[in-house]
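Read through the structure below, which is laid out as structure tokens, and then see the notes.
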Amino acid sequence: MNNSLTLYLALLGGLVLAAFVAHGAWTARKNAARQPRRAALEPMGTGTIDRSEADTIPTEMGDTVPGEPTFEERESGAMNLPPPVKRNQPKLDALIDAIATLTVDTPVSGDNVLLHLPTTRRAGSKPFMIEGLRVDCSEWEAPQLGVVYSELQAGVLLANRTGGLNEIEYSEFVQKVQACADAMGASVEFPDMLDVVARAKELDSFASAHDAQLALRLYAQGSAWSIGYVQQQAARHGFVPGALPGRFVLPSTDEGAPPVLTLQFDAQAAFAEDPEQATLRELILSFDVPQTAADGSPFNAWCAAGQALSLGLDAMMADDQGQPFSPAAFASIEGELQRLYEALAARDLAAGSATARRLFN
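Take any residue in the sequence shown, note its place counting from 1, add 21, and you have its number in the numbering used here.
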């Protein structure tokens, strides 16, 4: 009996002790879970870390070293960076533009400039542009939001395919730019009108003498073609539908450049109720010489496309007077074209350049 009682008390005591230990372990684990988890620190080299240094070591995701920007500050700084310079836009060029200088007392924001720009930036038939010199990188560009400019300038095109800038157009340019400058509190200095008009006449004379758009005509020798059949044949040689009705174009490999070749037909046929019932007997294959860079060999592409389409469509190649093209005619045109390229390049107006594309437009 005594032995049984002793054994019973021993077992009861063991159970109580085990429960107490388990409760203590559970409480300690619960408290540890409430503590922020700290990153494990690896010893660096063989040295020890001083307590004053250890206090500056970031231990949580949101911690930063004193003196360094926080995550939120870094994010805010990235969002406040000005937009990049616009590289793919036309630029003012003293060679073909009459440029006025706008002076501001303090740097001006692009937001302010855009607010006061004229609603239309044309003076008669001549476009004009306003540019700003960026404070952050000293490059000229068309004003954009979020950028600060130290200087401004405005320029009007001296000539294009409508003719040279005249006195009336220049006066309109002066009036619009002056109003813009007054609204921004800027002073503006314009070139002398007589000098500008004289430059415009000289540039227009040169451009007129060195402008060229080569074209050959394709005449159906048998039955007329449907638009779908022409498109099928043109697509075999890289042509795609153009932006304007009645045109297929051979795109340039350069982004933003005009097409290398244009295949044109009667636009009324494109607007027919049933285009497949509309028939064509004539096509015009052309390329714009000053608009197309010589290094892309547009003349060779023009000759090759003309010959390929004439075979595929059973067409006769002819000039504007209806005279059949011969190999000798192509050779003669190529010689004249080479001299034209050289004359344009000597005037810093190389075919296909941004300046030439603005002038011959």
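From the three backbone atoms N, C-alpha and C, an ideal C-beta is built for every residue, glycine too.
Would you report the Cα separation of residue i and residue j, rounded to the nearest angstrom?
i, j, result
"Q110", "K147", "17 Å"
"L265", "L116", "31 Å"
"P128", "Q199", "18 Å"
"S273", "N321", "14 Å"
"Q344", "G356", "20 Å"
"G98", "P105", "Annotation note: pLDDT 49 at G98 (below 50); position unreliable, no value reported."
"A339", "Q196", "49 Å"
"E94", "E160", "Confidence at E94 is low in this model, with a pLDDT of 49, below 50, so its placement is unreliable and no value can be given for it."
"K112", "A236", "30 Å"
"S244", "F292", "21 Å"
"A336", "F351", "17 Å"
"L358", "A207", "47 Å"
"F346", "P319", "18 Å"
"I78", "E162", "Interpretation of I78 is limited by its pLDDT of 46, a score under 50 that renders its predicted location unreliable; the figure taken from the coordinates is listed afterwards. Those two C-alpha atoms are separated by around 46 Å."
DSSP three-state call for residue i: helix, strand or coil?
i, result
"G333", "helix"
"S192", "helix"
"L136", "helix"
"T376", "helix"
"N187", "coil"
"Y250", "helix"
"G145", "coil"
"G176", "strand"
"V281", "coil"
"A163", "coil"
"D203", "helix"
"D275", "coil"
"R155", "strand"
"E355", "helix"
"E303", "strand"
"V198", "helix"
"F346", "coil"
"L113", "coil"
"L370", "coil"
"A293", "coil"
"D316", "helix"
"L123", "strand"
"N382", "coil"
"M338", "strand"
Could you round the C-beta distance between residue i and residue j to whole angstroms and report it? I think they count as a contact, below 8 Å.
i, j, result
"L154", "Y170", "6 Å"
"H137", "C201", "5 Å"
"Q254", "L334", "6 Å"
"P164", "L135", "5 Å"
"L123", "V209", "5 Å"
"L179", "D118", "6 Å"
| Is there contact here, the segment 304 to 313 with the segment 368 to 377, by at least three beta-carbon pairs under 8 Å? | yes
| said: Quick test of the definition: if touching needs 3 or more C-beta pairs under 8 Å, does the segment 224 to 242 touch the segment 255 to 270? | reply: no
| task | Return the chain-ordered ranges of every beta strand (DSSP E) run that is complete within the segment 208 to 267 and spans a minimum of 3 residues. | result | 208 to 210 and 234 to 241
| Stretch pair the segment 277 to 292 + the segment 205 to 216: three plus CB contacts closer than 8 Å | no
| So, do the segment 137 to 146 and the segment 155 to 162 have three or more beta carbon pairs nearer to each other than 8 Å? | no
| said: Counting beta carbon pairs with one atom in the segment 235 to 247 and one in the segment 289 to 303, are three or more of them shorter than 8 Å? | reply: yes
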